[in-house]
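Everything in the sequence shown is counted per this note's numbering, starting at 377 for the first residue and increasing by one.
Glycine included, C-beta positions come from ideal geometry on N, C-alpha and C.
As the structure is a computational prediction, the values presented were derived from the model and not from experiment.
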Amino acid sequence: MKLFSTTLRPLLLFAGAALLLSLPFLATSPRSVANACWNNVLIECFDNDRTTWPWVKPTGANPVRRWRVTPNPQTQLAWGMQDRFYSVALETFCQDDEQACWCIGGPATEDPEVDHYPANLTTYMTYGPVNLATATEARVEFALYFLNNMDLSDTITWGADSVFTLATTHIWIDSTLYNQTENGWQHFSMDLKTLYRNIPTRDSVSALGRTDVYIFWWFKSNNNQLWDKGAFVDDIIVAWDDGTYDLLAGGVDVLEPDSVTVPTRIETNDQIVLKYTWSTCNGGVSTYPPYHVALTLNGEPIVDSLLTDSPPDTTYTWYTEPFGISEAGEYTVELIVDSQNDVPESNETNNTNLDEFIVWVPNSPPTFEWLSPGPQSPGGDTLFVDSLAVLRWSLTDPDDEAWISLYFDQDTSGCLGPVIPGGLNLPETPSGIDSMHWNTRTLINGTVRWPFVQYGDFLFSECVYAPWPVKVERTSGSDEVILRPVTFHLAQNYPNPFNPTTEIEFGIVRGGHTTLTVYDITGREVQKLIDNDLAPGIYTASFGAGIDLPSGVYLYRVESPEGILTRKMILMK
């Protein structure tokens, strides 16, 4: 591997840098409980296996945690499971679960979309216990889904308690929701460090330092059942930190030199920038010990920085200076935070992150030149034809990836017009010189048309009109339209590569039984598109890859009384 440059962009200095190849931008952002920074994280998803009450084992390996609900669902249906077909709107940590918990009505359909939960209902559920005896920070995130907004007289209260039976004389409240809400999923968060008691004085209380803490959700309805629909509860995350050190490696991105744009294709010698982020997690520390941040490219170090005096709860975003790679191939860039294990962390499994990318050989665009009709054509500045025009051109591409399609137009602007039969997506020939016969008997005598081509490769496309037009002058005195190709041909499919469908055109001069078949690269038949007796003419068939065929090279073959023609095409999903 060869790099044009390994110098990196200094934007902000830190004291005590040992090998400082990178000094970029530093940004701070508040921590979220829903990340690996917290050394204790419990994620509760309501899965399909939760069918009986009470719930003894929530999702996860800890059998001590318990759900409790009241009233008892065996005597009064107040809570239940419901297919969460709304889950596409809530793609957080529980993407794979297909259910959510509902406060529902009954005993009719037991469907919260139809039923109203009972009037004047008081019901709650608790989750716990959670041991916060050594916690320095603790928060809860969850999501609620509302139907029909919410009745102004209904309330939903959440907070914590010291017992799972929700003794209302000493519950600790975070929020009470009693306003109308928008339909759909809404996210909520509560800080267990600062709550208040359920009394008018709203005196401060904390759940931290307690061994048994239960999280609760408390639903109370009024007597207006027209609005009482309940709500989903799902994606519950309980997280706390015991004040230990923890470093979290974030993402690694490959960008253009502007440090913003993601390159669609990286070629050798192109200038790129590596963006990498990491975080110091929140906890009971004021400053992190010195630690190293390393960045490697295919295992070779390009950054090794020593950071000192890093505050907690901080996210760092750094950029390298632009540099180029001189050899094509596959590359892996890896970020390693605390690369020399300087910091005793509570979680050593979240210190690395990587990204992979490919460096390509530079693409050389093809070149094209009209040979006929053009300056070499006889008859001045117009090619006069009776019923057949010979179109000749030169198409060359150093990468041997060129293609060409031929069309005709009424003028020389816009590159708009029908395809010339048999001229769709033709490949480059080994010699670079190629030609085709254009049957002009479909055009009225005296018609003037300009041929033009659309040529290119996978990254380049260009339109070129012929220097001279083609004019039809009948010498036979006949305007009979003959829809018959002059050659037996099989055109390159278009588009190519394709996903999921492509068009295949072929022409036959002699009629008879004709087949058009698609094969995979091993020769196994994939689909027979045409299998019939055909008259002379030009035919087009559509091939759809569907969801079962993998990406790769496929073959398509036409067989007729004139012979067999085969071409390749590429499916790229």
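About 4 angstroms separates the beta carbon of Ala625 from that of Asn729, a gap short enough to meet the 8 angstroms contact definition. Nearest in C-alpha terms to His889, of all of Thr878, Val506, Asn908, is Asn908. For the 8 angstroms CB-CB criterion, Phe592 and Tyr500 form a contact. DSSP places Val661 in the coil class of the three-state scheme, outside both helix and strand. Membership of His813 in the beta strand (DSSP E) is indicated by the continuous run 809-815.
By the 16-neighbour rule on beta-carbons within 10 angstroms, Glu732 is exposed.
Taking all protein chains shown into account, Glu901 has fewer than 16 neighbouring C-beta atoms within 10 Å of its C-beta and is therefore exposed.
The shortest C-alpha to C-alpha distance from Val669 to any of Thr663, Ile678, Ser662, Val661 is the one to Ile678. Rounded to the nearest angstrom, the gap between the Cα atoms of Leu418 and Ile613 is 6 angstroms. With a threshold of 16 other beta carbon atoms within 10 Å, Glu721 meets it and is buried.
For Val840, the closest C-alpha among the options Leu782, Val929, Pro774 is that of Leu782. With a contact defined as Cβ atoms closer than 8 angstroms, Pro843 and Gly750 qualify at about 5 angstroms.
In this chain, the beta strand (DSSP E) harbouring Asp550 covers 548-553.
Around the CB of Glu706, fewer than 16 other CB atoms lie within 10 Å, so the residue is classed as exposed.
For Gln903, the enclosing beta strand (DSSP E) starts and ends at 901-910. Pro871 and Leu764 have their C-alpha atoms some 28 angstroms from each other. Under DSSP, Ala625 takes part in a beta bridge, and its partners are Trp654. By the criterion of a C-beta distance shorter than 7 angstroms, Leu771 is surrounded in its chain by Pro742, Phe744, Ala778, Ile780, Glu804, Gly808, Asp810, Tyr831, once the five residues flanking it on both sides are discounted. If you look at Ala917, you'll find it in the beta strand (DSSP E) that goes 913-920. Pairing Ser686 with Ser702, the inter-Cα distance amounts to about 36 angstroms. DSSP lists Leu520 as the beta-bridge partner residues of Gln562. No Cβ-Cβ contact shorter than 8 angstroms links Phe828 with Thr878. Unbroken beta strand (DSSP E) stretches of 3 residues or longer found wholly inside the region 638-723: 647-656, 667-673, 676-683, 690-695, 705-713, given in chain order. Between the C-alpha atoms of Val719 and Gly675 there is a straight-line separation of about 23 angstroms.
Per DSSP, the continuous beta strand (DSSP E) segment holding Ile884 begins and ends at 877-884.
Looking at Ala536, Ser580, Ile796, the one whose alpha-carbon comes closest to that of Leu508 is Ala536. Pairing Phe518 with Thr502, the inter-Cα distance amounts to about 13 angstroms.
Counting C-beta atoms within 10 angstroms of its own C-beta, Gly922 has fewer than 16 neighbours from the protein chains shown and is therefore classed as exposed. Gln830 sits in a strand when the DSSP states are folded into three classes.
Distance from the Cα of Val628 is smallest, within the candidate group Leu947, Asp775, Thr663, Thr693, for Thr693. In the three-state DSSP reduction, Glu632 falls in the coil class, being neither helix nor strand. Rounded to the nearest angstrom, the gap between the Cα atoms of Asp924 and Trp736 is 29 angstroms. Spatial neighbours of Pro797 in its own chain (CB-CB distance under 6 angstroms, excluding positions within 5 residues in sequence) are listed in chain order as Ile914.
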